[in-house]
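Take a look at the structure below.
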Amino acid sequence: MSIDLTPSWQDEELSMFRDNVGRFLEAEVAPHDEEARKQGHVGHEMWRKVGEMGLLCTDIPEQYGGAGGDFRHEAVVAEEMGKRGLTGLNHSVHSIVAHYFLNHGTDEQKEKYLPRMARGELVGAIAMTEPGTGSDLQSIRTHARKDGDHYVINGSKTFISNGFLAGVVLVCVKTDTSQGAKGISIMVVETENQPGYQVGRVLDKIGLKAQDTAELFFEDVRVHEGQLLGGVEGKGFFQLMGDLPYERLFIGVGAQAAMEGAYRATLDYVRERTAFGQPIADFQNTRFKLAEIATTIKVGRAFVDECVGDMLEGKLDTTKASMAKLWGSENQCRVVDECLQLFGGYGYMNEYMIGRMYTDARIQRIYGGTNEIMKEVISRSL
Ligand SMILES: Cc1cc2nc3c(=O)[nH]c(=O)nc-3n(C[C@H](O)[C@H](O)[C@H](O)COP(=O)(O)OP(=O)(O)OC[C@H]3O[C@@H](n4cnc5c(N)ncnc54)[C@H](O)[C@@H]3O)c2cc1C
1 MSIDLTPSWQ DEELSMFRDN VGRFLEAEVA PHDEEARKQG HVGHEMWRKV GEMGLLCTDI
61 PEQYGGAGGD FRHEAVVAEE MGKRGLTGLN HSVHSIVAHY FLNHGTDEQK EKYLPRMARG
121 ELVGAIAMTE PGTGSDLQSI RTHARKDGDH YVINGSKTFI SNGFLAGVVL VCVKTDTSQG
181 AKGISIMVVE TENQPGYQVG RVLDKIGLKA QDTAELFFED VRVHEGQLLG GVEGKGFFQL
241 MGDLPYERLF IGVGAQAAME GAYRATLDYV RERTAFGQPI ADFQNTRFKL AEIATTIKVG
301 RAFVDECVGD MLEGKLDTTK ASMAKLWGSE NQCRVVDECL QLFGGYGYMN EYMIGRMYTD
361 ARIQRIYGGT NEIMKEVISR SL
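According to the UniProt record's numbering, the sequence shown holds residues 1 to 382 in order.
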């Protein structure tokens, strides 16, 4: 069974880039994955190595230290990691943070942060969620009070991807607590030697074991007014909404890649493993399951590619990106579960990629806006 899953947007240059990314991941990232899963993060050295290889900020203009590519380059990096089940480096959150700087930052902020993020010297994180609120972003309580030419931040955030290693965090705060959306701003917080800033424990998750997800605490953290993203108060919610398609498409792309990786690994396995004197692959149930999965990923590939095309043309809207996130993550969980079943008991073992993909998949339906919120967004446009 061989189906062509080459993205429709892939040209020769991207194909070569893909080969290079794949080789690098096999040689430099995969061998350290187990260690990263044990310690709960990949470490700063890995981020720098990935930066040196030119795999960070690939769609950021060269003038800011990026590679000057476009979303297809980002998709290639996400896909090559996703299909190998390498989820330690949250490269997409890093890219999302870089895009906040690019799209909404002042010139000074772009020049100050983007080159260092591209080199992997500064890991990026975005902190919206709080212990008391996630989906209902307007209810955040972390606030920033103006004090002369500084802001003083107080509050706490939780479930923050890259939170343990982050050198720069975009913190969603209320600059006007009497307002909902209009009271939200984004503060740029550098974490090194920052009095009052504290990283809590690396959270113990059921999956994404190699990725650092952390709690962050802010107690009278003082930042200069120049650290307000874009320089104008009250724009945070709108900055967040503007970048949602980019963020959600990443989840769709990652979901598709994970399904493709799981499918290929399962094909290999069922052809080798035998039961009742024949390869598992020859049972009608296996063939039918794989036929269904192949159909799902072929259909998914077409939709993801269409969304990538829209993104390149600057016309991907939040509804369609939410569909990519919703459909991709729901199918990822189903497909990976069905693949795991074909591995039998071995599928339940952490040493098998399919087992890790199973627990890694579950969060895709929750973060980036839960799938219930995706349905709210989509239904509003009907
Ligand atoms: C591994 C991981 C990484 C994460 N990374 C980040 C990060 O980098 N930055 C960050 O800010 N956050 C991050 N999050 C947080 C994540 O985005 C939130 O968990 C998510 O938005 C849901 O918020 P909540 O957990 O508060 O759930 P709640 O908002 O309390 O929702 C609980 C349930 O109620 C449902 N619900 C809520 N509102 C509605 C509604 N209007 N209609 C129907 N159902 C509804 C939800 O869908 C969900 O099923 C991460 C979470 C995890 C677990």
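Glycine is no exception: its CB is placed at the ideal position from the N, C-alpha and C atoms.
Looking at ligand 1, does it come within less than 7 angstroms of Phe250, judged from the CB to the closest heavy atom?
no
Quick check: the Cα distance between Met1 and Phe276, rounded to an integer number of angstroms?
Residue placement at Met1 is flagged as unreliable, the pLDDT there being 45, under the threshold of 50; a coordinate-derived value is accordingly withheld.
Segment limits, alpha helix (DSSP H) that includes Tyr263:
Leu244 to Glu272
Beta strand (DSSP E) containing Ser185: first to last residue?
Ile184 to Glu190
How about Gly124 and Val168: do their beta carbons lie closer than 8 angstroms?
yes
Checking 8 angstroms against the spacing of the C-beta atoms, do Val93 and Asn162 come in under that value?
yes
Tell me whether Ile363 counts as near ligand 3, meaning its Cβ is closer than 7 angstroms to at least one heavy atom of that ligand.
Looking for ligand 3 in the displayed structure turns up nothing; the ligands present are ligand 1.
Apart from the five residues just before and just after Glu130, which ones in its own chain have a Cβ nearer than 8 angstroms to its Cβ?
Ile140, Arg141, Thr142, Gly155, Ser156, Lys157 and Thr158
Is Glu144 near ligand 1, going by C-beta to nearest heavy atom under 7 angstroms?
The displayed chain sequence assigns Ala, not Glu, to residue 144. Answer for Ala144: no, Cβ out of range of ligand 1.
Judging by CA-CA distance, which residue of Asn285, Leu14, Tyr100 and Ile96 is the nearest neighbour of Glu80?
Leu14
For ligand 1, is there a heavy atom less than 7 angstroms away from the beta-carbon of Leu208?
yes
Would you grab the beta carbon distance between Arg116 and Ala30 for me? Rounded to a whole angstrom, and I think it's under 8 angstroms.
Rounded, the Cβ-Cβ distance is 26 angstroms, inconsistent with contact.
Between Gly362 and Cys333, is the Cβ-Cβ spacing less than 8 angstroms?
Reading off the sequence shown, one finds Arg at residue 362, where the question assumed Gly. Yes, Cβ-Cβ distance for Arg362 and Cys333 is below 8 angstroms.
Per DSSP, which one or two residues make a beta bridge with His150?
Asp147 and His224
Please classify Ser8: is it buried, with 16 or more other beta-carbons within 10 angstroms of its beta-carbon, or exposed?
exposed
So does Tyr100 have its beta carbon nearer than 7 angstroms to some heavy atom of ligand 1?
no
Rounded C-alpha distance that separates Asp149 from Gln227
10 angstroms
Could you give the first and the last residue of the continuous alpha helix (DSSP H) run that contains Ala361?
Met353 to Ala361
Looking at Ala36 and ligand 1, is the gap between the Cβ and the nearest heavy atom below 7 angstroms?
no
Exposed or buried, what is Met16 when buried is set at 16 or more other beta-carbons lying within 10 Å of its beta-carbon?
exposed
If you measure between the beta carbons of Gly236 and Ile186, is that distance less than 8 angstroms?
yes
Relative to ligand 1, is the shortest distance from any of its heavy atoms to the C-beta of Tyr246 smaller than 7 angstroms?
no
Taking Val320 as part of the beta strand (DSSP E), name the residues at either end of that continuous run.
Just to set this straight, residue 320 is Lys in the shown sequence, not Val. Looking at the DSSP string, Lys320 is not in any beta strand (DSSP E); the run it does join, the alpha helix (DSSP H), is Thr318 to Leu342.
Is residue 394 close to ligand 1? I mean its beta-carbon at under 7 angstroms from any heavy atom of the ligand.
Outside the shown range of the chain, which is 1 to 382, sits residue 394, and nothing can be said about it.
Does Ala281 pass the burial test, meaning 16 or more other C-beta atoms within 10 Å, or should it be called exposed?
buried
Would you check whether ligand 1 has a heavy atom nearer than 7 angstroms to the C-beta of Glu376?
yes
Tell me whether the beta-carbon of Gly120 lies closer than 8 angstroms to the beta-carbon of Asp33.
no
Can the beta-carbon of Gly378 be found less than 8 angstroms from the beta-carbon of Ser329?
As written in the sequence, residue 378 is Ile, which differs from the Gly given in the question. Not a contact, by the Cβ cut-off of 8 angstroms.
Taking the beta strand (DSSP E) that Tyr197 falls in, what are its first and last residues?
Tyr197 to Val202
What are the residues that DSSP puts in a beta bridge with Ile160?
Ala214
Under 8 angstroms: do the segment 175 to 189 and the segment 243 to 262 share three or more Cβ pairs, one atom per stretch?
no
Rounded C-alpha distance that separates Ala144 from Val152
5 angstroms
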